[in-house]
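Positions in the sequence shown are counted from 1; adding 21 to them yields our numbering. The beta-carbon is built from N, C-alpha and C at its ideal position, and this holds for glycine as well. Encoded as structure tokens, the structure appears first; notes follow it.
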Amino acid sequence: MKVILTVAEHHSAIVPWQLVAQKIGAILKFVSLTSDEVPDSTKLREMLSRKTKIVVTHHVSNMLGT
């Protein structure tokens with residue numbers, strides 16, 4: 022099982038997935054942001070596979086102020 026998150030996720034969105042990964046052996050992958058500070062959709066598409074079960078992304082970010 023693979024879970025993809027962005028590097029801009031809030032701590033409260035990352036920690037639960039870290040706990041899931043520890044418990045069931047899931048793999049967490051992080052997609053970077055573009056120069057416009059949005060998730061890089063090209064890199065995200067490249068990371069997707071049959072093992073991907075969920076993609077976690079923010080709607081708004083207190084890290085970026087968006």
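>> Along the chain, where does the alpha helix (DSSP H) containing Thr63 start, and where does it finish?
In response: Mapped onto the sequence shown, residue 63 falls at position 42. Here the alpha helix (DSSP H) through Thr63 covers 62-68.
>> Please report the distance separating the alpha-carbon of Ser56 from that of Thr63.
In response: Here the question's residue 56 lines up with position 35 in the sequence shown. Here the question's residue 63 lines up with position 42 in the sequence shown. Rounded to the nearest angstrom, the two C-alpha atoms are 13 Å apart.
> Taking Ile48 as the reference, which of Arg71, Leu54, His79 has the closest Cα?
Replying inline: Looking up residue 48 in the sequence shown gives position 27. Looking at the Cα atoms, Arg71 is the closest of the given residues.
>> Pop quiz: Asp61 and Leu54 are said to be a contact at Cβ under 8 Å. What is the actual Cβ separation, rounded to whole angstroms?
In response: The residue you call residue 61 lines up with position 40 of the sequence shown. The residue you call residue 54 lines up with position 33 of the sequence shown. Right, their Cβ atoms sit about 6 Å apart.
> Mind checking Leu26: buried by the 16 CB within 10 Å criterion, or exposed?
Replying inline: Within the sequence shown, residue 26 is the residue found at index 5, counting from 1. Flag for Leu26 reads buried.
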